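Remarks on the structure that follows.
2 protein chains.
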Amino acid sequence: MSSIAPTPSIASAPVPEDFAIPRQSLHGQVVTRLRDMVTEGHLAPGQRINEVALGQALGVSRTPLREALKTLAGEGLVELVPTRGAVVRSFSLKDIADSMEVLKALEQLAGRRACVVASDAGIAEVLALHEQLRERYAAGDRLPYFKINQAIHTAIVTLADNPTLLRMHEILQAQMKRIRFIGHEGTEKWAAAMAEHEEMAAALARRDGEALAEVIGRHHDLGLVRIREAY
Amino acid sequence: MSSIAPTPSIASAPVPEDFAIPRQSLHGQVVTRLRDMVTEGHLAPGQRINEVALGQALGVSRTPLREALKTLAGEGLVELVPTRGAVVRSFSLKDIADSMEVLKALEQLAGRRACVVASDAGIAEVLALHEQLRERYAAGDRLPYFKINQAIHTAIVTLADNPTLLRMHEILQAQMKRIRFIGHEGTEKWAAAMAEHEEMAAALARRDGEALAEVIGRHHDLGLVRIREAY
DNA sequence: GTTTTGTGCACTGTATGCAGAATATCCGCA
DNA sequence: TGCGGATATTCTGCATACAGTGCACAAAAC
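As given, the protein sequences belong to chains A and B, one line each in that order. Following the numbering used here, the numbering of the first sequence begins with 49 at its first residue and continues without gaps. Following the numbering used here, the numbering of the second sequence begins with 49 at its first residue and continues without gaps.
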């Protein structure tokens with residue numbers, strides 16, 4: 049939502065890079081760390097979170113940890129049970145389907161908007177990412193493919209130049225990330241997914257919003273099917 | 049997301065009403081209270097929040113207050129500036145347009161889904177609300193109209209039976225509520241808005257998802273125009 | 001043997017204390 | 001009178017302390 053403080057360059061000459069030393073609050077660091085721990089499965093769904101223990105593990109007192117848990121609860125990664133603390137959220141199949149449906153709608157909106165408002169340079173960046181994706185696919189590197197895949201989807205949403213949309217997309221993608229980590233292995237549907245990405249890249253390149261939205265929709269529908277199988 | 053604990057009736061005879069005394073955590077109470085204070089304008093946009101002062105005003109120590117602020121930041125109602133605390137978020141016209149665009153997409157999705165999955169009883173409830181809306185409109189009661197209006201939109205999203213969708217809608221609606229509180233007064237467009245609600249009710253009654261989505265889209269577009277004028 | 005009641009422990013929720021950063025104040029000086 | 005810098009104050013961020021709740025285990029009663 050809010051970018052880093054604008055840092056009005058003291059010297060008149062514009063600063064080439066952002067040299068601000070990243071003084072992120074402890075709270076913020078804990079949030080990102082915990083989010084990773086959840087999405088990467090280091091915290092099992094349904095597991096109760098012991099604040100003292102986890103705090104010690106992170107080398108942090110309970111206060112910033114608790115604040116971080118409130119943030120994660122807002123993102124739907126943990127649930128807050130009164131007088132019983134935080135529990136890692138476990139997603140039912142319906143939860144997943146529901147989130148996917150929203151994710152799909154948001155990305156379709158993003159795709160349409162991106163085709164209208166994106167700069168040529170911005171589109172070029174996404175196409176460059178797509179090129180990397182193709183290479184990873186050819187090489188059969190699943191994990192890098194997975195990461196670039198996510199990056200492309202995020203990049204498209206970023207092109208839409210709508211911070212609210214981006215934020216909601218981030219939240220949902222974080223929820224789904226945990227699931228896809230399970231569901232993305234060994235399936236012949238990989239080829240189909242890659243083909244859809246080709247279509248997406250082509251549609252974006254010619255700024256065909258409707259076509260892009262259509263492919264994105266199909267892509268997510270397939271993704272859901274794949275998850276259903278893995279469940 | 050999670051409902052109240054089911055309270056398995058201790059006595060074998062089913063308890064007629066829910067007698068559970070509402071022991072919401074202080075944190076939760078502060079969240080709702082603060083949210084109201086923001087949306088009702090008791091906290092001005094851009095205003096820095098003094099934790100001790102606000103804590104005293106609410107009769108609460110800093111700890112639960114700070115936790116509540118983290119939650120509200122996640123909902124985009126306040127912004128957290130490192131080492132400077134929380135400031136009430138101020139929305140630019142673009143922010144509003146962006147959020148409205150997402151809100152529109154979400155409600156259109158909800159409308160389509162509602163026409164498929166909603167029960168007849170659920171639809172009847174929305175139509176009953178619509179009846180109240182019509183009465184308030186006829187009587188010229190703007191504030192009640194405004195509240196029922198919001199309730200109807202929420203109800204339609206609820207019909208879609210998608211908690212994720214509902215949650216995101218809630219967040220965006222809370223953001224917009226603050227704005228509409230300003231923008232909803234004295235305009236001849238009221239009649240047009242009411243007419244659109246008539247269309248919405250009709251489309252929902254006959255479960256015509258596409259028509260419903262179309263009207264909802266128009267409705268929000270008009271809403272944005274109205275806000276633009278008031279700005 | 002089963003159910004109930006009591007007690008202890010573990011953990012969350014809230015308040016308070018302390019250190020460091022940011023801002024405001026004041027004084028000297030041009 | 002205006003400006004710059006040192007100092008004082010205020011406020012956030014984090015840690016810790018305390019109180020209350022829920023749960024588990026055990027003992028007792030039926």
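Yeah, the Cβ is synthetic: ideal placement off N, Cα and C, and Gly gets one too. Just so it is clear, the structure is predicted and the values come from calculations on it, not from any experiment.
For residue i: DSSP bridge partner residues
i	result
B/L128	B/A134
B/R96	B/V135
Rounded distance between the beta-carbons of residue j and residue i, thought under 8 Å
i	j	result
B/A158	B/A208	4 Å
A/V108	A/L151	Contact doesn't hold; Cβ gap of about 32 Å is too wide.
B/I219	B/E123	5 Å
B/T13	B/Q221	Since the displayed chain B opens at 49 and closes at 279, residue 13 of chain B lies outside it and no answer follows.
B/I204	B/L181	The Cβ separation is near 12 Å, so there is no contact.
A/R266	A/E244	6 Å
B/L270	B/A240	6 Å
B/G133	B/R83	Actually they are not in contact, since the Cβ atoms of B/G133 and B/R83 sit about 18 Å apart, beyond 8 Å.
A/L102	A/R81	With a Cβ gap of about 10 Å, A/L102 and A/R81 do not count as contacting.
Own chain residues within Cβ distance below 6 Å of residue i, not counting five before or after
i	result
A/L91	M85, V136
A/E127	V135, R137
B/P112	L74, H75, V78
B/T119	V79
B/A261	Q156, G159, R160
B/A121	L128
Residues of its chain near residue i, where Cβ-Cβ distance is below 8 Å and the 5 sequence neighbours each way are ignored
i	result
B/A253	I171, L175
A/V164	R255, G257
A/H268	M148, L151, K152, E155
B/A199	L177
A/M224	I144, S147, M148, L151
B/L272	I144, A145, M148
Other residues of its chain near residue i: CB distance less than 7 Å, five sequence neighbours each side excluded
i	result
B/S138	P93, G94
B/A259	A251
A/N210	R161
B/R184	P192, Y193, I196
A/M216	L154
A/V263	E244, E247, M248, A251
B/I227	F139, I144, I275
A/A166	L207
B/V100	R110
Within chain A, the residues that residue i reaches when beta carbons sit closer than 7 Å
i	result
B/E115	R114, E115, K118
B/P93	Near B/P93 there are no residues of chain A at all, since even the closest Cβ is about 14 Å away, more than 7 Å.
B/G122	T119, G122, E123
B/D168	Those do not exist, as B/D168 stays about 22 Å from chain A at its closest Cβ, beyond 7 Å.
B/H192	With the sequence shown as reference, residue 192 of chain B is identified as Pro, and His is not the correct amino acid for it. Neighbours of B/P192 on chain A: none; closest Cβ ~29 Å, over 7 Å.
Proximal residues of chain A, C-beta to C-beta of residue i below 9 Å
i	result
B/T80	Within chain A, no residue comes near B/T80; the closest Cβ sits about 14 Å away, beyond 9 Å.
B/S109	Residues of chain A passing the Cβ test: none, with the nearest at roughly 12 Å.
B/S138	Ordered by position in chain A, no residue passes the 9 Å Cβ test against B/S138, which lies about 11 Å from the chain.
Beta-carbon neighbours of residue i, restricted to chain A and to distances below 8 Å
i	result
B/V150	L154, L157, N210, T212, L213, M216
Closer than 8 Å at the beta carbon, the chain B residues around residue i
i	result
A/S147	T212
Residue i: CB within 7 Å of a non-hydrogen atom of the ligand ADP
i	result
B/D256	With respect to small molecules bound, the structure shown includes none, and the ligand ADP cannot be examined in it.
>> To test your reading of the DSSP string, which unbroken alpha helix (DSSP H) runs of 4 or more residues are found completely within the segment 214 to 260 of chain A?
In response: 237 to 253
> Could you give the uninterrupted runs of the alpha helix (DSSP H) lying entirely in the segment 135 to 211 of chain A, keeping only those of 4 residues or more?
Replying inline: 141 to 165, 168 to 187, 190 to 207
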